[in-house]
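Worksheet: one structure, shown below.
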Amino acid sequence: RLPGGSCMAVLTVTLMVLSSPLALAGDTRPRFLEYSTSECHFFNGTERVRYLDRYFHNQEENVRFDSDVGEFRAVTELGRPVAESWNSQK
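With mature numbering (1 follows the signal peptide of the UniProt record, and there is no 0) as the guide, the letters of the sequence shown map in order to residues -25 to -1, 1 to 65.
Shown next as structure tokens:
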């Protein structure tokens, strides 16, 4: 038997229900994250510079531009149509 009787039991059950993962999440709509990074790598001072432009979806790199290659390249299948589209705009 819980101290405080049935009121304590009701309070305990209520707190357990409200602290469920769905109650804590509140908004359960799917979410995603898109971001990009731009990097310059210098070799031998500024004699040689390599530029990388990288695009990510949910922490996975999908497409990148590498100045050593000279075009966008798909890193994953999701990035393939993007790379093809961007390369066709030359």
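Backbone N, C-alpha and C define an ideal beta-carbon position, used for all residues, glycine too.
Across which residues does DSSP place residue i in a beta bridge pair?
| i | result |
| --- | --- |
| leucine 27 | Glu14 and Asp41 |
| glutamate 35 | His32 |
Thinking just about the alpha-carbon of each residue, which of the options is nearest to the one in residue i?
| i | options | result |
| --- | --- | --- |
| residue 87 | Ser42, Ala58 and Val57 | This structure cannot speak to residue 87, because the chain is shown only from -25 to 65. |
| leucine 8 | Arg48, Ala49 and Gln34 | Gln34 |
| histidine 32 | Gly54, Trp61, Val(-13) and Phe18 | Gly54 |
Rounded to a whole number of angstroms, what is the C-alpha to C-alpha distance between residue i and residue j?
| i | j | result |
| --- | --- | --- |
| glutamate 52 | valine -16 | 52 Å |
| asparagine 37 | valine 44 | 16 Å |
| valine 57 | arginine 39 | 10 Å |
| glycine 20 | glutamate 59 | 34 Å |
| valine 24 | threonine 3 | 45 Å |
| glutamine 64 | glutamate 46 | 11 Å |
| arginine 48 | proline 5 | 28 Å |
| tyrosine 26 | cysteine 15 | 5 Å |
Output the boundary residues of the beta strand (DSSP E) element that contains residue i.
| i | result |
| --- | --- |
| glutamate 46 | 46 to 49 |
Looking only at its own chain, which residues have a Cβ that is under 7 Å from the Cβ of residue i, when we skip the five neighbours before and after it?
| i | result |
| --- | --- |
| arginine 29 | Ser11, Thr12, Glu36 and Arg39 |
Span of the alpha helix (DSSP H) holding residue i?
| i | result |
| --- | --- |
| serine 60 | 55 to 62 |
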